[in-house]
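A short write-up of the structure that comes next.
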Amino acid sequence: MSWIPAERSSGWWLLAGASSLLVSILLWVIRFLLLGQPFTGMHAFRFMVLAILLSFLFSFAGWLGAKWLWLFANLGLALGLILMAVYSRDMTGWEDLVSFLVFLEAVAAGFILGLIIEGVFLIRRMARK
Numbered sequence: 227m228s229w230i231p232a233e234r235s236s237g238w239w240l241l242a243g244a245s246s247l248l249v250s251i252l253l254w255v256i257r258f259l260l261l262g263q264p265f266t267g268m269h270a271f272r273f274m275v276l277a278i279l280l281s282f283l284f285s286f287a288g289w290l291g292a293k294w295l296w297l298f299a300n301l302g303l304a305l306g307l308i309l310m311a312v313y314s315r316d317m318t319g320w321e322d323l324v325s326f327l328v329f330l331e332a333v334a335a336g337f338i339l340g341l342i343i344e345g346v347f348l349i350r351r352m353a354r355k
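In this note's numbering, the protein residues as written are 227 to 355.
If you want it as structure tokens, here you go:
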């Protein structure tokens, strides 16, 4: 994983900013274009805040040295966006909420899987000492 920034590098914050922007745009595309919902500034702002929080949380974990957690959390985020887009097609009412819940479940699953893998590597490092 040499393409990932080093621990405590400023590159993590660049990744967080780029990820925030990309995830915000993708959430807006899914909400306002795929779902066909009318654009509201409040919803756009809330999706942007969600994207910023997730991106900076994951990048903070990477900055601390948890590269596997960062990787799997972002894979869960990407999978969640894909599933949200798939579930949101031709849906109205409660179904669009289901697509958002599927997104959150995928993000949580990626984060939990990353935590488990980081724990395994931590145990392996401690056992070697």
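No residue lacks a Cβ here, since even glycine has one placed at the ideal position from N, Cα and C.
{"Check": "Residue environment, A232, which counts as buried when at least 16 other CB atoms sit within 10 Å", "Outcome": "exposed"}
{"Check": "Nearest-angstrom beta carbon gap, W238 and W289 [assumed within contact, 8 Å]", "Outcome": "4 Å"}
{"Check": "Secondary structure, alpha helix (DSSP H): runs of 4+ residues fully inside the segment 287-328", "Outcome": "293-313"}
{"Check": "6 Å CB neighbourhood of L261 in its chain, flanking five on each side removed", "Outcome": "S314, D322"}
{"Check": "Cβ-based neighbour list, G291, same chain, cut-off 7 Å, excluding 5 preceding and 5 following", "Outcome": "E233"}
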